[in-house]
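Here the sequence shown is numbered in this note's numbering, starting from 135 and rising by one per residue.
Cβ coordinates follow ideal geometry from the N, Cα and C atoms, glycine included.
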Amino acid sequence: MAVEHPVTTPSGDQTRIHNIGYRSYDGPRLGRAYARRSLYSQSLRGAYGLGRSVKSKVLPMLLFVVMCVPAAIMVAVAVATKAKELPLDYTRYAIVMQAVISLYVASQAPQSVSRDLRFKTVPLYFSRPIETADYVRAKFAALASALFILTAAPLLVLYVGALLAKLDFADQTEGFAQGLVSVALLSLLFAGLGLVIAAVTPRRGFGIAAVIAVLTISYGAVSTLQAIADAQGSTGAIPWIGLFSPVTLIDGVQSAFLGASSAAPGGIGPSNGEGAVYVLVCLGLIAACYGLLMRRYKKVGL
Numbered sequence: 135m136a137v138e139h140p141v142t143t144p145s146g147d148q149t150r151i152h153n154i155g156y157r158s159y160d161g162p163r164l165g166r167a168y169a170r171r172s173l174y175s176q177s178l179r180g181a182y183g184l185g186r187s188v189k190s191k192v193l194p195m196l197l198f199v200v201m202c203v204p205a206a207i208m209v210a211v212a213v214a215t216k217a218k219e220l221p222l223d224y225t226r227y228a229i230v231m232q233a234v235i236s237l238y239v240a241s242q243a244p245q246s247v248s249r250d251l252r253f254k255t256v257p258l259y260f261s262r263p264i265e266t267a268d269y270v271r272a273k274f275a276a277l278a279s280a281l282f283i284l285t286a287a288p289l290l291v292l293y294v295g296a297l298l299a300k301l302d303f304a305d306q307t308e309g310f311a312q313g314l315v316s317v318a319l320l321s322l323l324f325a326g327l328g329l330v331i332a333a334v335t336p337r338r339g340f341g342i343a344a345v346i347a348v349l350t351i352s353y354g355a356v357s358t359l360q361a362i363a364d365a366q367g368s369t370g371a372i373p374w375i376g377l378f379s380p381v382t383l384i385d386g387v388q389s390a391f392l393g394a395s396s397a398a399p400g401g402i403g404p405s406n407g408e409g410a411v412y413v414l415v416c417l418g419l420i421a422a423c424y425g426l427l428m429r430r431y432k433k434v435g436l
């Protein structure tokens, strides 16, 4: 038999209207420039693991130390032996340490962009007063700045050590300035290539492998072809072969215009005319990387 339960009627009117305080924002509106600067600073900090977990700091900080330790050893040797010059030119340092630089790009370029692609957060950036160009410029500038810090820091160690060793101030200052120009160009080129490759896939592991492959395999292949050309006496082809690897491209630019010795077989660097082609190719690649990133993120941001 069904039992009926009495319906209890609440005493009094229980309806409440709460004023939750919605008000229009009347504070400062910082706009696109502030958003762009914030994205740049956060991306730059992230390139060295700052503001992230301890695990994220290990590799970039370790690579930074690895870049600087050889410079410190060279300085110690120069001071102890009272050498008349440094064991390695400023313009040659980044070329010798190119494997470390490539590993840094491979680890940090996917960290900069692949996570945003994987978790589909890119459209959230564009929901704010920020456009595709702002995002691309901030990410490009951040990684290039991080690379410049990585490559310029050991040059600064060499320069300070050279002054402590009482080497010629004018010669060391000139060499240091040439080295800074070289690593600035290298930073822009490597950052652009790394970001373009990493932006293709949201998988960070694939991005790391692809960046390493492009930077290291191209250098190995070009160096091998240059060695074969030198062995066969085709020395005129050596500078042109160097156009097909980022590392040899930077080496050609600095050997043609920055007074550096070429790392090509036999020390055969490009002439001034060939060097102009190197500069145009280098700048063209940087511009092409920027254009490809713009095209990629116009699609992603939809």
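| task | Take residue 406 as the anchor and find which of 419, 164, 387 and 161 has the nearest alpha-carbon. | result | 387
| query | How is residue 273 classed by DSSP in three states: helix, strand or coil? | reply | helix
| query | Using the beta-carbon count (16 or more within 10 Å), is residue 414 buried or exposed? | reply | exposed
| task | Rounded to whole angstroms, what's the CA-CA distance from residue 300 to residue 209? Just pull it up for me. | result | 11 Å
| said: Mapping the DSSP letters down to three states, classify residue 257 as helix, strand or coil. | reply: helix
| query | What is the DSSP secondary structure of residue 405, counted as helix, strand or coil? | reply | coil
| field | Which listed residue (231, 222 and 197) has its alpha carbon closest to that of residue 353 | value | 231
| field | Assigned secondary structure, residue 342 (DSSP; H/G/I helix, E/B strand, else coil) | value | helix
| task | Taking only the alpha-carbon atoms, compute the straight-line gap between residue 229 and residue 160 and give it to the nearest angstrom. | result | 53 Å
| task | Count the C-beta pairs between the region 360-371 and the region 278-287 that are closer than 8 Å, then say yes if the count reaches three, no if not. | result | no
| If you measure from the CB of residue 197, is any heavy atom of the ligand NAP nearer than 6 Å? | Because no ligand of any kind appears in the structure shown, any question about the ligand NAP cannot be addressed here.
| field | Nearest-angstrom Cα separation, counted from residue 401 out to residue 219 | value | 20 Å
| field | Reduced DSSP category for residue 200 - H, G, I as helix; E, B as strand; rest coil | value | helix
| query | Exposed or buried, which one is residue 168 when buried takes at least 16 other CB atoms within 10 Å? | reply | exposed
| Applying the criterion that 16 or more other CB atoms from any shown protein chain within 10 Å of the CB defines a buried residue, is residue 199 buried or exposed? | exposed
| For residue 295, is the classification buried or exposed, using 16 other Cβ atoms within 10 angstroms of its Cβ as the cut-off for buried? | buried
| So what does DSSP say about residue 421, is it helix, strand or coil? | helix
| query | In three-state terms, what does DSSP make of residue 224? | reply | helix
| field | Proximity of residue 321 and residue 267 at Cβ, strictly below 7 Å | value | no
| request: Leaving out five residues on either side along the sequence, give the residues of the same chain with a beta carbon under 7 Å from the beta carbon of residue 193. | output: 241
| request: Can you tell me which of 308, 378 and 343 puts its alpha carbon nearest to the alpha carbon of residue 358? | output: 378
| message | Please state the DSSP three-state secondary structure of residue 335. | response | coil
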